[in-house]
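Novice:
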Amino acid sequence: SDIEKGTYPHYMLKEMDEQPTVIRKIIQAYEGENGDLTIDANILEALRAADRLYIIAAGTSYHAGLIGKQYFEKMAGIPVEVHISSEFGYNMPLLSEKPLFIFITQSGETADSRQVLVKIKELGYPTLTITNVPGSTLSREADHTLLLHAGPEIAVASTKAYVAQVAVLAVTAYVTAKANGKGLEFDLKQELAIAANGIQTIIDSKDVLEDIAEDYLKISRNAFFIGRNIDFYVSLEGALKLKEISYIQAEGFAGGELKHGTIALIEEGTPVFALVTQEAVGLNIRGNVKEVAARGAYPCIIAMAGVDEDGDRLVIPQVHELLTPLVSVVPLQLISYYAALHRRCDVDKPRNLAKSVTVE
Ligand code: G6P
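Printed below as a string of structure tokens:
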């Protein structure tokens with residue numbers, strides 16, 4: 241397996257580097273004969289027939305699902321619920337008349353998600369698995385499959401599969417929206433290509449992320465990630481990455497929610513990473529940063545070009561407002577990676593974790 245890793249010290253670094261390529265592969269894989277994005281006709285039919293989508297997933301895939309909800313609701317106008325698979329089995333919500341269940345799973349083997357699939361099949365509802373592994377259990381057992389085309393992901397901490405999940409969810413929502421005659425004012429293919437280039441720009445200047453990791457996380461015992469709207473979901477994923485590989489206690493929060501309790505944890509020097517990619521909430525999230533800074537926090541603002549301000553620690557390339565997770569997650573992945581390195585942690589095989597969890 242050293243051969244597959246090539247010159248990379250870790251699979252995680254290699255897999256983060258592959259992210260622009262993964263997006264380009266997804267564009268190709270979902271390109272129809274006329275050059276437009278497309279998905280399998282049966283899957284499109286199932287999506288259009290549904291009155292509500294139920295996304296079921298665990299871990300990083302759950303975080304991708306939260307973004308998928310936004311895509312289906314904002315682009316296609318289809319209501320969506322996102323559920324943690326281990327909860328759904330015994331705490332099932334009331335279902336709509338014509339639900340479609342979407343299982344998001346990198347491995348296609350997660351037992352928590354599979355037990356929901358088994359139950360849903362018993363109930364007779366249609367199912368779609370979005371996975372990286374063709375022929376995996378959840379792919380075989382669901383009615384339909386959409387593939388992530390991310391290539392094998394070896395590092396336990398998921399990076400390129402997350403980016404692929406977000407991209408495939410965007411494609412699926414976009415194609416459904418178009419089929420339903422929604423007037424979308426952007427060309428997703430083009431916007432995904434821009435996002436791929438944006439990721440490349442961040443990867444090409446990884447040294448900056450190494451500096452940030454050293455500056456903010458070398459000795460800290462905890463860290464917060466905040467954002468609003470879609471940035472909130474990426475904050476959750478940023479915090480999970482840091483926990484998984486560096487063992488630093490981290491939480492992702494909706495910026496406005498901090499003051500309702502968690503701000504009590506802010507001490508002199510507490511690192512707070514704030515994502516600022518959404519113009520509509522830019523002032524609000526910057527207000528939250530001021531609140532924590534006034535209590536001693538050490539804030540690191542990661543802003544998108546176009547909504548950035550003087551003093552922001554990192555400015556990431558501008559992309560379509562719905563696609564910001566594809567680029568904003570990358571600096572958070574890299575910061576976690578370097579924080580783990582500084583702390584001499586086993587980046588690819590963190591303690592207590594498994595790549596796919598086949599027990600409930
Ligand atoms: C494990 C992995 C996580 C992953 C989760 C869900 O806990 O360590 O990285 O997000 O399972 O896996 P799945 O294969 O279903 O996406």
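In full-length UniProt numbering, each residue's number is its place in the sequence shown (first place is 1) plus 240. Using N, Cα and C, we set each Cβ at its ideal position, and we do this for glycine too.
(1) Pull up the CB-CB distance for S376 and S347, whole angstroms please, since I reckon it's below 8 Å.
(2) Around the Cβ of R288, are there at least 16 other Cβ atoms within 10 angstroms (buried) or fewer (exposed)?
(3) For I470 versus I307, is the C-beta spacing smaller than 9 Å?
(4) To the nearest angstrom, how far is it from the Cα of D455 to the Cα of T416?
(5) Should T345 be counted as a contact of the ligand G6P given a C-beta to heavy atom distance under 8 Å?
(6) Under three-state DSSP, which class holds E491?
(7) Let's test the definition: count the other Cβ atoms within 10 Å of the Cβ of K400 and tell me whether it reaches 16, buried, or not, exposed.
(8) What distance in whole Å lies between the Cβ atoms of A537 and K481, which are believed to be in contact at a cut-off of 8 Å?
(9) Provide the residue span of the alpha helix (DSSP H) that contains G299, from first to last.
(10) With a cut-off of 8 Å, do at least 3 Cβ pairs link the segment 574-592 to the segment 440-452?
(11) Is DSSP giving H250 helix, strand or coil here?
(12) Does DSSP classify T369 as helix, strand or coil?
(13) Kindly list the residues whose CB is nearer than 8 Å to the CB of N524, restricted to its own chain and excluding five residues on each side of it in sequence; keep chain order.
(14) Cα separation between S336 and V529?
Specialist: For this structure:
(1) At roughly 6 Å, the Cβ-Cβ gap stays under 8 Å, so S376 and S347 are in contact.
(2) Under this definition R288 is an exposed residue.
(3) The answer is yes: Cβ separation under 9 Å.
(4) Answer to the nearest angstrom: the Cα atoms are 44 Å apart.
(5) Yes, the Cβ of T345 comes within 8 Å of a heavy atom of the ligand G6P.
(6) In the structure shown, E491 sits in a strand (DSSP, three-state: E or B).
(7) Burial call: buried.
(8) That belief does not hold up - the Cβ atoms of K481 and A537 are roughly 20 Å apart, past 8 Å.
(9) G299 to Y311 is the extent of the alpha helix (DSSP H) around G299.
(10) Enough Cβ pairs lie closer than 8 Å, so yes.
(11) DSSP places H250 in coil when its eight states are reduced to three.
(12) Note: T369 maps to strand in three-state DSSP.
(13) Closer than 8 Å at the Cβ level, and outside the excluded window around N524, lie R468, G495 and G496.
(14) Spanning the two alpha carbons is a distance of roughly 40 Å.
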